[in-house]
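Residue numbers (the working numbering): 1 to 245.
Every residue, glycine too, gets a C-beta built ideally from N, C-alpha and C.
Below is one structure; the comments refer to it alone.
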Ligand SMILES: Nc1ncnc2c1ncn2[C@@H]1O[C@H](COP(=O)(O)OP(=O)(O)OP(=O)(O)O)[C@@H](O)[C@H]1O
């Protein structure tokens with residue numbers, strides 16, 4: 001379970017995360033959606049202990065990330081792609097990550113199998129396609145068999161087949177009972193994947209709930225988003241009621 005509560009992040013006078021609260025639950029894919037610059041990565045970086053909040057809390061299974069002893073056993077994450085040295089092979093990269101968290105070596109081959117990279121285990125990462133790189137990032141996130149997964153824009157730049165693979169894989173992970181939080185600016189794509197949706201714009205949560213709740217009377221989550229943000233900016237809303245968090 002992920003619990004974000006009244007999170008605020010300021011850079012000097014600028015508030016980039018503004019009183020954000022939401023929960024991502026086990027067994028569900030939660031889509032954290034919003035346009036570029038909305039504050040998604042800033043929120044996730046705080047959740048993963050890479051940045052400090054100005055105020056508020058971000059907890060994984062009830063505790064801050066930084067207080068986890070061996071974090072990869074609890075939460076697996078991918079921010080900004082696989083983050084691997086291109087000169088390394090997939091297996092040596094994963095072995096290195098596993099060692100840093102006291103994860104047994106045999107798990108490396110298990111995760112390579114899980115993401116369909118067994119045949120590329122000895123290929124240098126610099127020769128990977130974008131989709132293979134994303135799979136490698138997900139493999140690293142799964143090393144500790146964590147209950148919680150946090151993925152920042154995992155479908156960015158992928159072709160339709162790569163996007164479909166991620167979508168089905170996220171579903172499988174949630175069906176195993178894991179908490180899956182995935183950010184994206186591709187609302188239409190995420191609507192196919194997410195059970196729950198949190199929409200952020202300008203650092204604030206503008207809607208949160210099940211995908212059906214957020215959609216409301218609109219044809220899609222994306223339409224609901226435009227209606228809600230148009231209301232905020234004083235433009236005609238197209239008759240939407242919307243859902244306030
Ligand atoms: N270190 C920083 N100093 C100043 N402003 C920052 C800093 N980091 C992020 N920002 C600003 O905070 C806002 C939110 O950025 P963030 O990366 O969280 O958005 P995002 O929703 O993840 O969008 P994207 O998908 O484009 O990364 C942006 O306007 C960004 O310019």
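Beta strand (DSSP E) segment containing residue 78, residue limits: 75-78
Who are the near neighbours of residue 134 in its chain, counting only those whose CB is closer than 6 Å to its CB and skipping five residues on each side? 154
Inspect the beta-carbon positions of residue 251 and residue 225 and report whether they are closer than 9 Å. Here the chain has residues from 1 to 245 only, and residue 251 is not among them.
Cα-Cα separation, residue 185 to residue 152: 10 Å
I need the straight-line Cα distance from residue 107 to residue 23, nearest angstrom please. 30 Å
Could you check whether residue 79 and residue 150 sit closer than 9 Å to each other, using their CB atoms as the reference points? yes
What does DSSP give as the partner residues of residue 127 in its beta bridges? Per DSSP, none; premise fails for residue 127.
Take residue 136 as the anchor and find which of 63, 190 and 89 has the nearest alpha-carbon. 89
Pick helix, strand or coil for residue 69, following the three-state DSSP scheme. coil
Between the alpha carbons of residue 20 and residue 5, how many angstroms are there, rounded? 6 Å
Nearest-angstrom beta carbon gap, residue 66 and residue 39 [assumed within contact, 8 Å]: That pair is no contact at about 21 Å.
Given a cut-off of 9 Å, decide if residue 140 and residue 174 are closer than it, judged by their beta-carbon atoms. no
Residue range of the beta strand (DSSP E) that includes residue 57: 55-60
Determine the direct distance from the alpha carbon of residue 86 to that of residue 123, and round the result to whole angstroms. 10 Å
If we ignore side chains and look at the alpha-carbon of each, how far apart do residue 18 and residue 118 end up? 43 Å
Residue burial classification, residue 63 (beta-carbon count within 10 angstroms, cutoff 16): exposed
DSSP three-state call for residue 220: helix, strand or coil? coil
Would the C-beta of residue 4 count as close to ligand 1, meaning under 8 Å from any of its heavy atoms? no
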